[in-house]
C-alpha cells in the first residue's frame, strides 16, 4: 500500500525572533530528514512567529523574514518542508496607508531551494484576529503540488474552517492529501471542536488531512498544539500532545490509485518508502477541560515570562483564592525558585491572611516575605490629612491600601528583577471590582479570563492529589479586606449568579432583555451591565492575560471607553 | 441658474447614546427645514456615533439604532436628510464568529419615511480603522438618487478617497452632485490634504462635491469638522469651522443641464428654490498647524471629560513643561473652575518646581494644593527596609516617588471626583521614560501623541499673547527630579535628535539602517529603537490620548509585547 510519511514540528516559536525561529526550523528539518519523512509541516508564520502584528508593516522586517526563508531553503534536503512566512506581493497594490501588501504564506522548500509558495486565501478578521489589516488574500485556492509522485494540497489555518474553502477545492481538483498549517489559539473546548471540523473535512472530501498547529504562549494567546492526522474516512490516525512541543511522524495511507491528469506544480521527485506503513504512534488523549485550562495558563504565563527575559515573578499573596492559584500556576510554570510570594498585611487584614499565605508558600517551596503596608498607608493619610476628614473609610482609603501594595511589589521588582503577576480574575475585571494601579499592578494577569467560579474549579483540580492551596483559602468567603468585616458579597451579587450573567453579557453579547428572559432578576442584570460598561477604562489599562474563553477581555473585545449606550 | 440648497450639520455626537444623538439629529433637521434646504447631510454613523466598535456586535444595539432611524424618518419633512446608521444586511451571511453582518450605511429620509439606503463600499481597515471587523461592503457603488429633480450620488468617507471609488462612478453615471458624509479623524496637516483630494475629485468628475464631517472627541480620536463644499471646477465654495459644531447651508450651482436618461431612485419631488443662489457664507480659514493641534487637544480632552461624566480634572504639577501645558489645555477645555493643580514636592524637588507650579496656577486661576510626598515615601522606605540597602537611590526609589504621587492624585480623584490627567508626552512614552503606575496614572493622557519638541511649540504658541506658562518652566532643562541633580539628558539623547529618530522609527516604520542613512549615529539609533521596543508593555497599560499624528501610540500602532525582533 502506498503511503506518505508526513512529519510535523509542533514547536514553540517567538514572535519577531527571526534568527532563533529559523534555527529551530532548520533543526526540525534535519530531524525530518533522519526519519525519512516525505513532507514536514511547520507552523503558520513559523519564521516570524504568530501573530507578528504591526511588525509586518516594517519593510525591513519582511525583507529579513524572506532572507530567512532562503536560508531555510538552502538547508532543505530530500524532505519537502512546508514553512509559514510573510511573502511580499508582486501584484497587489499598496493599501491606502501606503504599506506594500503582503501575504500570509507557506513556502515549500526542498533540495536547497524554494519550490513553491501558497498564499492564505481566507483571512480571519474577527475576535483576536486582524489579518485583513496586514494581508492580501491569495488568489490560487486550488493550487496543487507534486511531492514524490503524490499530489498535495497546501492550505493555512482559516482556509480549512470553511466547508467550501481551499482544501475542499484542492480535494475536488485531485489532491491525494491535504496539508494544513496553523497558528490556532486555544479557548476552552476548542480541541474537540477543531477535531470534529477536521474529521468532517477529511470524510467529506475523501482525502487524508494533516493538521499542524503551533504551540506556546504569545501575549494574550496560547496555542495548544494538538496537531492531528486524519485518514480519508475522517478517522484520527494520530493526535499530538496538548500544550507541549512535539516532533512526530505518521505514515499516511493513500488511496490505491491517485487521480490522473492532475495539474500540479512539481516540487520533488523522490520515491515513496516501500513496504507497509508503520502504525502511527499512540495518540495523546484530549485533556479534561479544567486541566486544559490550567495547562494553558501555565504555558501562557511561562512563555510570557521566559520570552520577555524575566528571571522570575513577584506575587502579592492576600490569603485569598486568586493570589493562591496565581502563585501555584507560577510555580508550576517557572519552578518554585522562580516565584516570590509577598504578603502585605494592613490594619484590616485578618490574621488568617498572613497564615494562609505562609502556608501556601511553604507548600510550594517558594520565597516568602511579609511587608506591612502600615508605614506607607499612614504616610499617605498624613500627607493627605489637610484634604479630607480621616474618620471615614471610603473607596479612597481602600484604594490607597491596594496602591501601597502595588507600589511595594513594583519596588521589589525594580530592585531585584522579576515581573509582578497581577492576580485578578475575569469576574472582578468585568465589573471593575479591582483597584487600578493597586491590585491590577503587574506585567501579566494570568487569571484575567477565568471567572471566579472557574478559579475555584481550577484550585480544586490542582489540589486533587493533596492540599497545595490551603483548605481555609478555599473555604473563606471572598474578601478584599480593605475595610472592617468587608466581603465581596457586600458589593456584588453571589459569584455563581454574577458569572452566569457575565458569561451572557460579556462573552455572548446578549442584551439585558435576553438575559432577564433566561431567568435573572432585571435590576441585578442592569446593575451588572452598568458595572461592566463603566469600567472599560480600567480594563484598557490592565495587564494582558491568557485567553481561555471565546471572548477574553483584551483584543478580543473592543469597546469604546466613552460609551453612552444604555439599553432602553 | 439652478442650484441645490445643501445644508450640513457638523455636530458633536456621543458613541452609543442613541437617544441623545437622535434628538440632536432631529433638531438639525428642523433647522434645515426652516432654511429651506433641499438636502441636509449628517455625519457618518451619526445615530450610533463613530466609531461604535464592538457595540456593533450587539444585536440589540443594532436593532435600537434602526428603530432610531425610523423615529428620525418620521420627523423628516420636505428636506431630504442623509443620516449615517448601522444597517442590517439582508443578504450577507454571518461572519465566522457567527455575528450577523451589518453595513456602514447612509439613510435618505424625507416626508416621514426612509426613502433609500446606501451601503459604504470601501471599508478602511488600517491605522485606527477596523471596519472589516464589523461591516460588509456595499455592492451598489453607482446608486443614484433623485432629490427635487436633481440627481445625487451619496457616499461615505473612504469611498471618496480612492480616485475611481463610488463618487467618481456616480459622477460618470450621471450625478449632478456628490454628497459624502464622514467620520474622518484629525491628524496634523490632514485638513489641507483632504481639501486637495476633494478638490481634485470635484474637478476630475466635473460635479460639485459636498463633504460633511463629524466634529468632536471620542477616546483617542478627534474629528475636526472642516466640512467643505466644492463647485464643479474644484473651487472651495465654503469651508466650515475646525473643531467646532456648526450648522451651515450653501446654494450649490448646478450645471445648466443635467444628464438625461439617468436611472435614479426617486427620493423627493419638491421644487428647487427659484431665483439666484445666495452667495455662500465666508469660509473659515485653515488654522495654523500648531494652533490646530492645540485645538484638537482641547476638544479631545474636553469631550472625554464631559462625555464620561466627570466634574473636572486633577493634574500633578511638577514645575515642568508637560504638566504646565496639560493644565493650560485643561483650563481651556473645562474652564479654570474644572481644574485642580497639585504640586507634590519630594526631597529631590527644586524650590523652583513648587514656585513655578504655583505661578502657573495663579495665572490660570485654578485650584492649587501642595502635598508633600515625604510621609508616604519615607513610609515605603521603612516598610521595605528589610529588603534592601537604603543607601542607593536607583530606579526603585525613583519609581516609588512617582508612584506615591500617582496614588495621591488618585486618592484626591476618588475622594472628590475629578479625573486625573496624565502629563506624559510622546517622546517619553515612546522610549518608556515614564513610571508605570506613577506619572502614567490617569484616565487620559492629553499629550500622549505630542513629541517633546512639539510640546515646546505648543507652549510658546499658547503664551503668544502673554505669559501663562511661566518663563522659567519653558527655560529650565527637562528633569524628572527623582534623584539629586537629575536631568533627562542624562538618560536620553537631546530631544531635538530623539524626536527626529522617533518620528522615523515610530511614525515612519523606518528600519535602523534607513535612519542611520538619514544622518544619525548608529549606536544612538539602535539604543532608541531598543528602548521603544522593550517598553511596549508600558504603553499597553497607558491611558488613551489624543491622536494628532499619522501614527499615535494606541490602536494606531499594534505591536506585540513579546517581540524578539532585533534588526540585524
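Residue numbers (our numbering), protein chains in the order written: chain L, 1 to 568; chain S, 569 to 1136. Using N, Cα and C, we set each Cβ at its ideal position, and we do this for glycine too.
Residue i - containing beta strand (DSSP E), residue span
i: residue 1073 (chain S); result: Careful: residue 1073 (chain S) lies outside any beta strand (DSSP E) and carries neither H nor E.
i: residue 672 (chain S); result: 670-678
i: residue 987 (chain S); result: 987-990
i: residue 604 (chain S); result: Segment: none, residue 604 (chain S) is in no beta strand (DSSP E) and carries neither H nor E.
i: residue 840 (chain S); result: Note, residue 840 (chain S): premise wrong, no beta strand (DSSP E); not H, not E.
i: residue 821 (chain S); result: 814-821
i: residue 119 (chain L); result: 113-119
i: residue 7 (chain L); result: 3-10
i: residue 343 (chain L); result: 339-343
i: residue 213 (chain L); result: 209-213
i: residue 723 (chain S); result: 718-724
Neighbourhood of residue i by C-beta distance below 8 Å, restricted to the same chain and skipping five residues each side
i: residue 249 (chain L); result: 5, 6, 7, 8, 32, 35 and 37
i: residue 122 (chain L); result: 137, 158, 159, 161, 162, 165 and 166
i: residue 132 (chain L); result: 123 and 125
i: residue 613 (chain S); result: 619, 620, 652, 653, 654, 672 and 751
i: residue 895 (chain S); result: 883, 885, 907, 909, 928, 929, 932 and 934
Delimiting residues of the alpha helix (DSSP H) encompassing residue i
i: residue 984 (chain S); result: 963-984
i: residue 300 (chain L); result: 289-307
i: residue 45 (chain L); result: Note, residue 45 (chain L): premise wrong, no alpha helix (DSSP H); not H, not E.
i: residue 537 (chain L); result: 536-540
i: residue 550 (chain L); result: No alpha helix (DSSP H) contains residue 550 (chain L), which DSSP labels as neither H nor E.
i: residue 193 (chain L); result: 190-205
i: residue 997 (chain S); result: 994-999
i: residue 461 (chain L); result: 452-462
i: residue 702 (chain S); result: 699-702
Beta-carbon neighbours of residue i, restricted to chain L and to distances below 8 Å
i: residue 1081 (chain S); result: 60
i: residue 1112 (chain S); result: 540 and 561
i: residue 976 (chain S); result: 380, 383 and 384
Neighbouring residues, chain L, relative to residue i (Cβ below 7 Å)
i: residue 1127 (chain S); result: 53, 54 and 55
i: residue 1135 (chain S); result: 60
Residues that residue i contacts on chain S, provided the C-beta gap is smaller than 8 Å
i: residue 166 (chain L); result: Those do not exist, as residue 166 (chain L) stays about 15 Å from chain S at its closest Cβ, beyond 8 Å.
i: residue 395 (chain L); result: 982
i: residue 373 (chain L); result: 951
Supposed contact pair residue j and residue i - C-beta distance, whole angstroms, cut 8 Å
i: residue 382 (chain L); j: residue 943 (chain S); result: 4 Å
i: residue 539 (chain L); j: residue 410 (chain L); result: Not a contact, Cβ separation roughly 20 Å.
i: residue 1112 (chain S); j: residue 1013 (chain S); result: 7 Å
i: residue 142 (chain L); j: residue 106 (chain L); result: That belief does not hold up - the Cβ atoms of residue 142 (chain L) and residue 106 (chain L) are roughly 15 Å apart, past 8 Å.
i: residue 1055 (chain S); j: residue 1062 (chain S); result: That belief does not hold up - the Cβ atoms of residue 1055 (chain S) and residue 1062 (chain S) are roughly 11 Å apart, past 8 Å.
i: residue 1020 (chain S); j: residue 1121 (chain S); result: In fact, because the Cβ distance is near 14 Å, the residues do not count as touching under 8 Å.
i: residue 1082 (chain S); j: residue 1119 (chain S); result: Wrong, their Cβ atoms sit about 16 Å apart, outside the cutoff.
i: residue 226 (chain L); j: residue 191 (chain L); result: 5 Å
Cross-chain neighbours of residue i in chain S, by beta carbon under 7 Å
i: residue 378 (chain L); result: 947
i: residue 441 (chain L); result: 1005
Neighbourhood of residue i by C-beta distance below 6 Å, restricted to the same chain and skipping five residues each side
i: residue 52 (chain L); result: 15
i: residue 927 (chain S); result: 1038
i: residue 972 (chain S); result: 941, 944 and 945
Chain-ordered neighbours of residue i on chain S, where CB pairs are closer than 9 Å
i: residue 455 (chain L); result: By Cβ distance, chain S contributes nothing, its closest Cβ being about 23 Å from residue 455 (chain L), past 9 Å.
i: residue 452 (chain L); result: Ordered by position in chain S, no residue passes the 9 Å Cβ test against residue 452 (chain L), which lies about 23 Å from the chain.
Residues near residue i by beta carbon distance below 7 Å, same chain, minus five either side
i: residue 524 (chain S); result: Chain S is shown only over 569 to 1136; residue 524 (chain S) falls outside these bounds and no answer can be derived.
i: residue 802 (chain S); result: 767, 768, 770 and 771
i: residue 864 (chain S); result: 754, 790, 792, 811, 1114 and 1116
i: residue 284 (chain L); result: 239, 240, 241 and 242
i: residue 472 (chain L); result: 352 and 356
i: residue 1080 (chain S); result: 1093, 1094, 1097 and 1135
Closer than 9 Å at the beta carbon, the chain L residues around residue i
i: residue 583 (chain S); result: 560, 562, 563, 564 and 565
i: residue 779 (chain S); result: Those do not exist, as residue 779 (chain S) stays about 17 Å from chain L at its closest Cβ, beyond 9 Å.
**OP:** State whether the stretch 177-187 of chain L contacts the stretch 143-158 of chain L, with contact taken as three or more CB pairs (one from each stretch) at a distance under 8 Å.
**Re:** In short, these stretches touch, since the Cβ pair count reaches three.
Original post:
Per the contact definition of three or more C-beta pairs closer than 8 Å, is the stretch 459-473 of chain L in contact with the stretch 302-311 of chain L?
Top reply: Output reads no: the stretch 459-473 of chain L does not touch the stretch 302-311 of chain L.
Original post:
Does the stretch 523-530 of chain L come close enough to the stretch 481-489 of chain L that 3 or more CB-CB pairs lie under 8 Å?
Top reply: no
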